[in-house]
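Just below is one structure, and these are the notes that go with it.
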Amino acid sequence: MKRITLLTLTLTVLLSAACKKNFEAINKNPNLIDQISPGTLLNEIIYNMASTNLRNNYNITCQLMQVQLNYPQYYGGVHRYEILENTGLSQWDASYKWAKNVSEMLQTAEKDNASNYISVALTLRAWIYANLTDVFGDVPFSQASRAEEGILQPVYDSQQDIYTQLLADLERANSLYDHAAGMVYGTDILFGNDTHLWQKFTNSLRLRLLLRISDVDPSAYAKMVTIIEDPTASPVIANVEESVILQVTGVTPNISPWSRALDFSTQHSVAAFFIDILNELDDPRRPFFVTQARAEGADIGYKGIPSGYDDAAFSYSPSYMNNQQVVVPMQIPILTYAEVSFIKAELAQRGYLTGAEDFYKAGIRAAINIVTEENIDDAYFLSPLAIYDGSLERIMLHKYLALYFTDFQQWSEYRRTGYPVLPKTNSMLNDGVMPSRLLYPGIQQIYNPENYQRAIDRMGGDDINFKLWWDVN
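Under mature numbering (1 follows the signal peptide of the UniProt record, and there is no 0), read the sequence shown as residues -17 to -1, 1 to 456, first letter to last.
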């Protein structure tokens, strides 16, 4: 009797275990990823972050920097320096969402000792957080994306501490690239797994960040020169073809950030400041950027509306933004050869390199080629506004044009240098003073109140005029 009971119990246990195993197998969701490889999240991060950056370039940077504006818009608007709590919300949310994914990618890469993916993850993290701190100031960084560790309310790190860590990360990333090992976890949509190009992105981003802080850390100049003068140890982008540009193909999920191209152009006039410069240069990028203005039923050339305009009574229909720019195939620039050339031009203008005019002209040629796919001839540089006059202002004017469509870079470079000099109107808010930062999203007051309060206390309030650490102008 005991033997029968024992046998029955054994069979029951075995059957129960088998049923549990079968139940788990049957009820396992095949659409969920059990384990991720270092490359699982890479393309999602690149596409989604680049798309968010472009949308906010258009809605924030382009309006602040007098590239385009909502027209007609009689009151307020970003082009009149109206900054609300939700102005930067989408950038904040997307940055932390995809930075979390970068953290997971980095952890997996380190676990697998996949050195190239470690370098890529560190580069992407620096790209995301540099923009984030340049836009808002102090932000959660060292304790961000650590909810699994019980950190639900991360501290706000100082801008200086964030930059210090990002630059150290980029230096480490450069040292880890192993071109013989390659990238074996899928094909990335930015460089097609070319680790040489990824390394050039890493070091070109180092140049951008070092230049950004050069007014508060003079040692940055020597570091930039070291990078530029040793391309074997620290290669940077060396031609247009090596530019970091996401090619949006239209093949799902790599689709245009604008589901309707008309939303890009409808009630979006080019700003007079931007198009007037291009007109004076007789610049070939104009038809790619904007449409013709019209009056009395006829085209009248390229003509914009003044940003922060005082009076909506204009005698013409302005040039609107050309929506073909966001029809696939399209490009989202991240860091281009033109930008690197202008960084070198500035270093030479300041006396740290030689050949300022050559770098300046290379930057202009590259910026135009990226848009038009054409090479300009020397006649372009006969225009008074194109002649290199030896000034930083002239370099920054053309860098401003070259940074079109590149996340927050026009605005950041304006805050760093004060160039180009932008016109003001009586209708501009904030006493006509360019905002130095965006407001923290209001939701931070609810979900992270203590650390939010500490951050704004350091600024004397959540103030759009509080200058960032590197902004000494």
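Just so you know, even glycine gets a beta-carbon here, dropped at the ideal spot from N, CA and C.
The model shown is predicted, which means the values in this text are computed figures rather than measured ones.
Sorted by chain position, which residues of the same chain lie with C-beta nearer than 6 Å to glutamine 436's C-beta, five sequence neighbours on each side aside? Closer than 6 Å at the Cβ level, and outside the excluded window around glutamine 436, lies no residue.
For leucine 421, three-class secondary structure by DSSP: It is coil, neither helix nor strand.
Using C-beta distances below 8 Å, list every residue in its chain close to phenylalanine 391, excluding the 5 sequence neighbours before and after it, in chain order. Here the set comprises Asn36, Asn39, Asn40, Ile43, Thr44, Asn114, Asp117, Val118.
So, under 8 Å CB-CB, tyrosine 168 and glycine 22 are touching, yes? Tell me the CB distance rounded to an integer number of Å. About 3 Å separates the two Cβ atoms, so the contact holds.
Expected contact under 8 Å - CB spacing of tryptophan 453 and arginine 191 to nearest Å: With 8 Å as the limit, tryptophan 453 and arginine 191 do not qualify as a contact, their Cβ atoms being about 12 Å apart.
List, from N- to C-terminal side, the alpha helix (DSSP H) runs of 4 residues or more that fit wholly inside the segment 308 to 367. Contiguous alpha helix (DSSP H) elements confined to the segment 308 to 367 occur at 320 to 332, 339 to 355, taking only those with 4 or more residues.
Residue closest to glutamate 356, alpha-carbon to alpha-carbon, out of Phe342, Met313, Ala339, Glu396: Comparing alpha-carbon positions, the option among Phe342, Met313, Ala339, Glu396 lying closest to glutamate 356 turns out to be Met313.
Given this structure, state the Cα-to-Cα distance separating glutamine 51 from alanine 254, to the nearest angstrom. Glutamine 51 and alanine 254: Cα-Cα distance of roughly 5 Å.
Is DSSP giving alanine 8 helix, strand or coil here? Any reading at alanine 8 must be qualified, since the residue scores a pLDDT of 46, below 50, and its modelled position is unreliable; the value itself is stated next. Correct three-state label for alanine 8: helix.
Scan the segment 368 to 410 and note each continuous alpha helix (DSSP H) run of 4 residues or more that stays entirely inside, going in chain order. Fully enclosed alpha helix (DSSP H) runs of no fewer than 4 residues occupy 375 to 385, 392 to 400 of the segment 368 to 410, in order along the chain.
How would you write the range of the beta strand (DSSP E) that serine 252 sits in, first residue to last? In the DSSP assignment, serine 252 falls within the unbroken beta strand (DSSP E) covering 251 to 253.
Alanine 244 versus isoleucine 439 - alpha carbon distance: Rounded to the nearest whole angstrom, the CA to CA distance from alanine 244 to isoleucine 439 is 39 Å.
Tell me which residues share the same chain as serine 78 and place their Cβ nearer than 6 Å to its Cβ, disregarding the 5 neighbours each side in the sequence. Contacts found: Ile111, Leu115.
Which of the three DSSP states, helix, strand or coil, is assigned to tyrosine 303? Of the three classes helix, strand and coil, the one that applies to tyrosine 303 here is strand, per DSSP.
Give me the Cα-Cα distance between methionine 32 and glutamate 279, rounded to the nearest whole angstrom. Between methionine 32 and glutamate 279, the C-alpha separation is close to 43 Å.
Name the two residues that bound the continuous alpha helix (DSSP H) containing glutamine 90. Element bounds for glutamine 90: 72 to 94.
Note down, one range per segment and in chain order, each beta strand (DSSP E) of at least 3 residues found wholly within the segment 181 to 257. Those beta strand (DSSP E) runs which fall completely within the segment 181 to 257 and span 3+ residues are 227 to 231, 251 to 253.
Specify the secondary structure class of alanine 295 as computed by DSSP and reduced to three states. In the displayed model, alanine 295 falls within coil according to three-state DSSP, outside both helix and strand.
Report all residues from its chain with a CB closer than 7 Å to the CB of arginine 268; omit the five preceding and five following residues, and keep chain order. The answer, listed in chain order, is Leu261, Ile351, Val354, Thr355.
Sequence-distant residues of its chain with Cβ nearer than 6 Å to valine 103 (five each side left out): When the five nearest sequence neighbours on each side are left out, the beta carbons in the same chain lying within less than 6 Å of the beta carbon of valine 103 are those of Trp181, in order along the chain.
Per DSSP, aspartate 140 forms a beta bridge with which residues? The partner list for aspartate 140 (beta bridge, DSSP) reads Val122.
Return the residue from the list Val138, Asp95, Gln56, Gly133 that minimises the CA-CA distance to proline 123. The shortest Cα separation from proline 123 among Val138, Asp95, Gln56, Gly133 belongs to Val138.
Return the CA-CA distance between glycine 71 and leucine 422, expressed in angstroms with no decimal places. In a straight line, the C-alpha of glycine 71 is about 7 Å away from that of leucine 422.
Determine the DSSP secondary structure at alanine 97, reduced to helix, strand or coil. The three-state reading of DSSP puts alanine 97 in coil, since its state is none of H, G, I, E or B.
Since glutamine 427 is in the beta strand (DSSP E), which residue starts that stretch and which ends it? Where glutamine 427 is concerned, there is no enclosing beta strand (DSSP E), although the alpha helix (DSSP H) it sits in stretches over 427 to 430.
State the DSSP-derived secondary structure class of alanine 278, mapped to helix, strand or coil. Alanine 278 falls in the strand class under three-state DSSP.
Cβ neighbours of alanine 328 in the same chain (closer than 7 Å, five flanking residues each side left out): For alanine 328, same chain residues with a beta-carbon under 7 Å away, outside a window of 5 residues either side, are Ala339, Phe342, Tyr343, Gly346, Ile378 in chain order.
What's the C-alpha gap between histidine 179 and histidine 162? So the two alpha carbons sit approximately 7 Å from each other.
Could you tell me the boundaries of the beta strand (DSSP E) in which leucine 52 lies? Leucine 52 -> beta strand (DSSP E) spans 51 to 53.
Taking 8 Å as the CB-CB limit, is isoleucine 43 close to chain D? Looking for chain D here will not work: only one protein chain is present.
DSSP three-state assignment for isoleucine 288, whether helix, strand or coil: Reduced to three states, the DSSP call for isoleucine 288 is strand.
For the pair the segment 314 to 325 and the segment 219 to 238, tell me if three or more CB-CB distances fall below 8 Å. These segments touch.
Under the rule that 16 or more other beta-carbon atoms within 10 Å means buried, what is isoleucine 370, buried or exposed? When all chains shown are included, isoleucine 370 counts as exposed.
Please classify arginine 189: is it buried, with 16 or more other beta-carbons within 10 angstroms of its beta-carbon, or exposed? Arginine 189 is buried by the Cβ-count criterion.
Which same chain residues, not among the five before or five after valine 309, have their C-beta less than 6 Å away from its C-beta? Around valine 309: Ser239, Trp241, Ala244, Phe247.
Pick from Gly59, Ser125, Arg277, Arg348 that is closest to alanine 82, judged by C-alpha positions: That would be Ser125, whose Cα lies nearest to the Cα of alanine 82.
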